[in-house]
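20 is the number that full-length UniProt numbering gives to position 20 of the sequence shown; each next residue is one higher, with no gaps. Where a beta carbon is used, it is the ideal one built from N, C-alpha and C, also for glycine. Everything on this sheet refers to the single structure shown next.
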Amino acid sequence: MVHAVFAAVGISALLAASELAFQILKTAGALYLGYLAVQILRNGSALTLEKGMVAKEPVHSIWAKAVTINLLNPKIVLFFVGFLPQFVSATDPSATAKLLFLGFFFILLSVPSCVLMVLGASAFSRFLRSSPRVMRLLDYSFASIMAAFAVKLLSTRSTA
């Protein structure tokens, strides 16, 4: 939702056009991916919760993590800069409202598929939690993938 507003008011286009803004976003995203890799190795998977255990993390903390992930995701910026504006004329006086509508409509269409993915992942995680060896293998795999993405992100060049 944040990126829909950013695209509507032109902030996403500014981020895409500015080499400095691109470098800052890229570096912040890579550092966050590296942080996630270290956290996975230190703390293990979130899937290792025992039956009946409830995460003690406050809702506002979970929300803050979700917003951070969203804001540091360059893929989302590129989507809202490269995809949505092609459906609205730059000379249209209500372009901002139309971009906001398209952004919110995209979110509305995305929610059902995200809910299905969460339900499927929940069922699959019950299967994975049955083996501690599989869980540790997944921890190392995910940490390696996060670290590789961080390195790849740092080597990405701006197309602006």
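List the endpoints of the continuous alpha helix (DSSP H) containing Arg136.
From DSSP, the alpha helix (DSSP H) with Arg136 extends over Pro132 to Ser155.
Taking 8 angstroms as the cut-off, does the segment 111-124 touch the segment 137-152 (at least 3 CB pairs, one atom from each stretch)?
These segments do not touch.
Check whether the segment 22-35 touches the segment 65-85, taking contact to mean three or more Cβ pairs, one atom from each stretch, closer than 8 angstroms.
Cβ pair count under 8 angstroms is three or more, so yes.
So is Val81 buried or exposed if we call it buried at 16+ other beta carbons inside 10 Å?
Counting of Cβ neighbours within 10 angstroms places Val81 among the buried residues, the total reaching 16 or more.
Would Ser89 and Ala97 be called neighbours here (beta carbons separated by less than 8 angstroms)?
Not closer than 8 angstroms, so no.
Spatial distance of Leu154 from Pro112 (CA atoms)
Using only the alpha carbons, I get a separation of about 33 angstroms.
What would DSSP say about Asn73, mapped onto helix, strand or coil?
Correct three-state label for Asn73: coil.
Considering only residues of the same chain and omitting the five flanking positions on each side of Phe106, which have a CB-CB separation below 8 angstroms?
The residues are Ala4 and Leu84.
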